[in-house]
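Q:
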Amino acid sequence: MKLNRRRFIGATAGATATLAAPMVRAASDGRPRVVVVGGGAGGATVARYLAKDSKGAIDVTLIEPTRTYYTCFFSNLYLGGLIPLEKIAHSYGTLAAEYGINVVHDWAVGIDRDARTVTTAGGYTFAYDKLVLSPGIDFVEGSVPGWDIDAQNEMPHAYKAGSQTELLRAQIMAMPEGGTYAMVAPPNPYRCPPGPYERVSMVARILKQHNPTAKILIADPKPKFSKMALFQEGWSNHYDGMIEWIGPDFGGDKVSVDPAAMTLDIDGEVTRVDVCNVIPAMKAGRICEIAGITDGNWAPVHARDLRSKMDDNIHVLGDSCAQGDMPKSGFSANSQAKVCANAVRGALTGSAVFPAKFSNTCWSSLDENDGVKVGATYEATDEKIAKVDGFISKTGEDATLRQATYEESFGWYEGITSDMFG
Amino acid sequence: MMKAKLHIMAAMATMAALGWGAPAAAHDHGDPERGAALFKACKACHQVGEGARNRVGPVLNGVFGRPAGSVEGFRYSAGMERESADGLVWTWETLDAYIENPKALVSKTRMSFRGIRDEQKRADLLAYLRLFSDNPADIPEAEPTEASALPNLSPEVLALVGDPAYGEYLSSECTTCHQVDGSDEGIPSITGWPVEDFVVAMHAYKEKIRPHPVMQMMAGRLSNEEIAALAAYFNGL
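The listed protein sequences derive, respectively, from chains A and B.
Numbering-wise (this note's numbering), the first sequence opens with residue 1190 and increments by one.
Numbering-wise (this note's numbering), the second sequence opens with residue 31 and increments by one.
1. If I measure Cβ to Cβ from B:LEU159 and keep anything under 8 Å in the same chain, skipping five residues before and after, which residues do I get?
2. Checking the sheet assignment: what are the DSSP bridge partners for A:GLY1564?
3. Between A:ALA1204 and chain B, is there a C-beta pair that is closer than 7 Å?
4. Which residue from B:GLY109, B:ASN131 and B:ALA67 puts its Cα closest to that of B:ARG140?
5. So, does the CB of A:ASN1523 fall closer than 7 Å to a CB anywhere in chain B?
6. Does the distance from the CB of A:ARG1302 to the CB of A:ASP1500 come in under 7 Å?
7. Taking contact to mean 3 or more Cβ pairs, one atom from each stretch, closer than 8 Å, check whether the region 1484–1501 of chain A and the region 1306–1314 of chain A are in contact.
8. Rounding to the nearest angstrom, what Cα-Cα distance links B:HIS242 and A:TRP1336 in this structure?
9. Given a cut-off of 7 Å on the beta-carbon distance, is the pair B:GLY60 and B:ALA127 in contact?
10. A:ASP1556 to A:HIS1427, Cα distance in whole Å?
11. Do we get a CB-CB distance below 7 Å when we pair B:VAL78 with the residues of chain A?
12. Verify whether the separation of the beta carbon atoms of A:THR1354 and A:ASN1291 is less than 7 Å.
13. Classify A:SER1521: buried if its beta carbon has 16 or more other beta carbons within 10 angstroms, exposed otherwise.
14. Take A:SER1352 as the anchor and find which of A:TYR1258, A:ILE1503 and A:LEU1453 has the nearest alpha-carbon.
15. Can you tell me the Cα-Cα spacing of A:ALA1588 and B:LEU180, whole angstroms?
16. Please confirm if A:ASP1608 has its CB atom under 7 Å from at least one CB of chain B.
17. Got a sec: which bits of the region 247–264 of chain B sit with their beta carbon under 7 Å from any beta carbon on chain A, in order along the chain?
18. Grab the span of the alpha helix (DSSP H) containing A:HIS1399 for me, first residue to last.
19. Using a beta-carbon distance cut-off of less than 7 Å, what residues from the region 1535–1560 of chain A approach chain B?
20. Rounded to the nearest angstrom, how far is the Cβ of B:GLU226 from that of B:LEU188, given a contact under 8 Å?
21. Can you tell me whether A:VAL1444 is buried or exposed? The criterion is at least 16 other CB atoms within 10 Å of its CB, across all chains shown.
22. Nearest-angstrom Cα distance between A:GLY1579 and A:SER1554?
23. When the Cα of B:ASP116 is compared with those of B:GLU256, B:TYR263, B:PHE143 and B:VAL136, which residue comes out closest?
24. Between the beta-carbon of B:PRO62 and the beta-carbon of B:LEU161, is there less than 7 Å?
25. Nearest-angstrom Cα distance between A:PRO1375 and A:ALA1408?
26. Taking the alpha carbon of A:ILE1468 as the point to measure from, which residue in A:PRO1382, A:SER1497 and A:LYS1244 has its own alpha carbon closest?
27. Quick check on the DSSP output: the beta strand (DSSP E) that includes A:ARG1461 runs from which residue to which?
28. Measure from the C-beta of A:LYS1573 to each C-beta in chain B and report whether the shortest distance is under 7 Å.
29. What's the C-alpha gap between A:LYS1546 and A:ASN1377?
30. Mind listing the chain A neighbours of B:HIS208? Cutoff is C-beta to C-beta under 7 Å, in chain order.
31. Does the Cβ-Cβ distance between A:GLY1560 and A:SER1518 come in under 7 Å?
32. By Cβ distance, which residues of its chain are closer than 8 Å to A:LYS1244, with the 5 residues on each side in sequence left out?
33. Determine, using beta carbons only, whether A:ASP1318 and A:ILE1252 come nearer to each other than 7 Å.
34. Between A:PHE1580 and chain B, is there a C-beta pair that is closer than 7 Å?
35. Roughly how far, in whole angstroms, is the beta-carbon of B:THR206 from the beta-carbon of B:GLY212, given that I think they are within contact range, below 8 Å?
36. When the distance is taken between beta carbons, is A:THR1369 closer than 7 Å to A:MET1609?
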């Protein structure tokens, strides 16, 4: 149903009487409406491209709880002392001022798929013709026995950037001389596959400077991980003897924690640690579950337009969606957002829809001026987003190439953040 | 010929008047032959010699003594135009500073070049470039610039006229890394490139002649029409 102003007024009166909803956002002048939930690499990008490319023909609302957004990507570099926290902080001012996007700082807490409305914790209701969900990740409860969200101050995850990242950094800096930083690494699939290992590199870097006798312990349920050979080479080059990785062969998959005692139990062996960075198993942002579009932990989507397999009027981007071969990364979400924006705009305004192309590259820093990368291109098939071609940095590359890769990652950061926030 | 000689004499007279004794001797340690080898790295963007044209970067014939940002028909970055307006003139000293670290001299230059730290190498390169400046009307046997590694492209491929609207859509893949406004920190700008250079560069990546894993992968799956569309779009920005 397309609402014109008159029908809308009637509908509001009815809604007020029956549901006592305090306010439904006006469907101004009959333009098609897109509501985007989540203002990260997927959501900010899709909102910006829809507004920019439709030149005002689509009414775009972006619902994102934080006024200042901290990118998860590059937050490890802050932990490693390579960049200040401000470097990863972004506001939504340009999206509102230059692109005319209605930026709403609120939590989306309800979705009525029949009425096509989103309600927020602040009590507002927003009607949509198309809804794009890009809420990132939430944690699977009970995945690390002993840990829950109440324990995130004792044992931070720092896997949603911002206050958690600052907390983890403060805990690392406050470690006693020769103390232990432990990480509980997550099982697949999870946000940013090389992220935990880049973090270990950055923690090692800062400890080497401030606390060189400190130790790093990783309990990992996975037998191998992204860029494993590159990280292991980097760790032995830069931080020899500091890092111990315990895979499932040695009980890395049988882990529990006690936040009150600050202990980590790996297959029955209890260790007291000074910092315990618990990165639990992940699932789609909870709003996907609330919308009823998940299958297991993730929201399945069609490859060509990121449309939910449960609802043709909902698209899901980035970490939350189950799409096939692309890793859950900011780059992937940004790539998916542009394909989605093109498809949604075509559906709402009749503009040309071009074939879907996807790509991803993940840079990781092993140390200052030592960067590595992995990347691939993807295409849409009937079943999934399928990998076409890829590359990965090699072990033993010379310092000049590693420095160029490191500098390139900063270029990418500037590129993607201006692509997201304008 | 006569005129050129007069120019040189006038220039030397000016230098003498400014108190720069023996200007040539001060910069004699550059070896133009070694410089010619070093210039290969510049050839991806710059041409010198007979028949040289503006490409991604401006033609470098006659660069010595020329005001910055003054080559006719070349679209400079706003940063270079500002320096030009401020009176920057290319001399040995300013060129030496520029190629040591382009962004240190012209902060918003579009020249994506890391710079040369080695003083001797800079001197060699400038000695080579000087061959094309001392007497530009009388370049002897200078060969037209040959690009370092070029793909074998048929005239049909080069003649394809790209659709900028399609290019705009495709460009969204590029803009995850390359910034549309031409800024570049660690990743080069691709905004405003001549169409032919763009097409040649992309095919060179596609055929894995130019080295860079990300670009080889990205270009690897672009059709001739898609490359032409991207070239048209980025040229028109």
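For each residue, glycine too, the CB sits at the ideal point set by N, CA and C.
A: On the basis of the coordinates in this document:
1. If you number the second sequence from 1, residue 159 of chain B lands on position 129. Excluding sequence neighbours, B:LEU159 sits near GLY65, PHE69, VAL78, LEU90, VAL93, PHE94 and LEU125.
2. Residue numbering aside, residue 1564 of chain A sits at position 375 when the first sequence is read from its first letter. Answer by DSSP bridge pairing, in chain order: A:THR1550 and A:PHE1580.
3. Taking the first residue of the first sequence as 1, we reach residue 1204 of chain A at position 15. With a pLDDT of only 40 at A:ALA1204, under 50, the local geometry of the prediction cannot be trusted, and the value read off the model is given with reservation. Taking Cβ atoms only, chain B never reaches closer than 7 Å to A:ALA1204, which makes this a no.
4. For the purposes of this step, residue 140 of chain B is identified with residue 110 of the second sequence, where counting begins at 1. The option with the nearest alpha carbon to B:ARG140 is B:GLY109.
5. Here the question's residue 1523 of chain A lines up with position 334 in the first sequence. With 7 Å as the cut-off, A:ASN1523 counts as an interface residue toward chain B.
6. Counting from one through the first sequence, the residue named residue 1302 of chain A turns up at place 113. Counting from one through the first sequence, the residue named residue 1500 of chain A turns up at place 311. Yes. Within cutoff.
7. no
8. Numbered from 1 along the second sequence, position 212 holds the residue referred to as residue 242 of chain B. Numbered from 1 along the first sequence, position 147 holds the residue referred to as residue 1336 of chain A. Spanning the two alpha carbons is a distance of roughly 44 Å.
9. Taking the first residue of the second sequence as position 1, residue 60 of chain B is located at position 30. Taking the first residue of the second sequence as position 1, residue 127 of chain B is located at position 97. No, the pair does not count as a contact, with Cβ atoms beyond the cut-off.
10. Translated into the one-based positions of the first sequence, residue 1556 of chain A becomes position 367. Translated into the one-based positions of the first sequence, residue 1427 of chain A becomes position 238. Roughly 7 Å separates the two Cα atoms.
11. As a working mapping, residue 78 of chain B is identified with position 48 in the second sequence. It does not: the Cβ of B:VAL78 has no partner Cβ on chain A nearer than 7 Å.
12. Walking along the first sequence from the start, residue 1354 of chain A turns up at place 165. Walking along the first sequence from the start, residue 1291 of chain A turns up at place 102. No.
13. In the first sequence, residue 1521 of chain A corresponds to position 332, counting from 1. Burial call: buried.
14. The count along the first sequence starts at 1 and reaches residue 1352 of chain A at position 163. It is A:TYR1258.
15. On the first sequence, position 399 is the one that residue 1588 of chain A refers to. On the second sequence, position 150 is the one that residue 180 of chain B refers to. If I take the Cα positions, the gap works out to 27 Å.
16. As a working mapping, residue 1608 of chain A is identified with position 419 in the first sequence. With 7 Å as the cut-off, A:ASP1608 counts as an interface residue toward chain B.
17. MET247, MET248, GLY250 and ARG251
18. Counting from one through the first sequence, the residue named residue 1399 of chain A turns up at place 210. Unbroken alpha helix (DSSP H) run through A:HIS1399: 1384–1399.
19. PHE1543, LYS1546, SER1548 and THR1550
20. Taking the second sequence and counting its residues from 1, the one referred to as residue 226 of chain B is at position 196. Taking the second sequence and counting its residues from 1, the one referred to as residue 188 of chain B is at position 158. The pair is a contact, with the Cβ atoms about 6 Å apart (cut-off 8 Å).
21. For this step, residue 1444 of chain A is matched to residue 255 along the first sequence. Looking at its Cβ environment, which holds 16 or more other Cβ atoms inside 10 Å, A:VAL1444 is buried.
22. Counting from 1 along the first sequence, the entry for residue 1579 of chain A is found at position 390. Counting from 1 along the first sequence, the entry for residue 1554 of chain A is found at position 365. Rounded to the nearest angstrom, the two C-alpha atoms are 19 Å apart.
23. Counting from one through the second sequence, the residue named residue 116 of chain B turns up at place 86. It is B:VAL136 whose Cα lies nearest to the Cα of B:ASP116.
24. As a first step, residue 62 of chain B must be located in the second sequence, where it is residue number 32. As a first step, residue 161 of chain B must be located in the second sequence, where it is residue number 131. Contact: yes.
25. Position 186 of the first sequence, counted from the first residue, corresponds to residue 1375 of chain A. Position 219 of the first sequence, counted from the first residue, corresponds to residue 1408 of chain A. The alpha-carbon atoms of A:PRO1375 and A:ALA1408 are separated by roughly 9 Å.
26. The residue you call residue 1468 of chain A lines up with position 279 of the first sequence. The shortest C-alpha separation from A:ILE1468 is found at A:PRO1382.
27. Looking up residue 1461 of chain A in the first sequence gives position 272. Here the beta strand (DSSP E) through A:ARG1461 covers 1458–1461.
28. For the purposes of this step, residue 1573 of chain A is taken as the residue at position 384 of the first sequence. No, because no Cβ of chain B sits closer than 7 Å to the Cβ of A:LYS1573.
29. Counting from 1 along the first sequence, the entry for residue 1546 of chain A is found at position 357. Counting from 1 along the first sequence, the entry for residue 1377 of chain A is found at position 188. A:LYS1546 and A:ASN1377: Cα-Cα distance of roughly 25 Å.
30. Taking the first residue of the second sequence as 1, we reach residue 208 of chain B at position 178. Simply GLY1604.
31. As a working note, residue 1560 of chain A is residue 371 in the first sequence. As a working note, residue 1518 of chain A is residue 329 in the first sequence. Cβ distance not < 7 Å, so A:GLY1560 and A:SER1518 don't count as in contact.
32. Counting from 1 along the first sequence, the entry for residue 1244 of chain A is found at position 55. Taken in chain order, the list of residues that qualify is empty.
33. In the first sequence, counting from the first residue as 1, residue 1318 of chain A sits at position 129. In the first sequence, counting from the first residue as 1, residue 1252 of chain A sits at position 63. Contact: no.
34. To locate residue 1580 of chain A, count along the first sequence from 1; it is residue 391. Answer yes: the Cβ-Cβ gap between A:PHE1580 and chain B drops below 7 Å somewhere.
35. By 1-based counting over the second sequence, the position of residue 206 of chain B is 176. By 1-based counting over the second sequence, the position of residue 212 of chain B is 182. About 16 Å; that fails the 8 Å criterion.
36. The count along the first sequence starts at 1 and reaches residue 1609 of chain A at position 420. The count along the first sequence starts at 1 and reaches residue 1369 of chain A at position 180. The answer is no: Cβ separation not under 7 Å.
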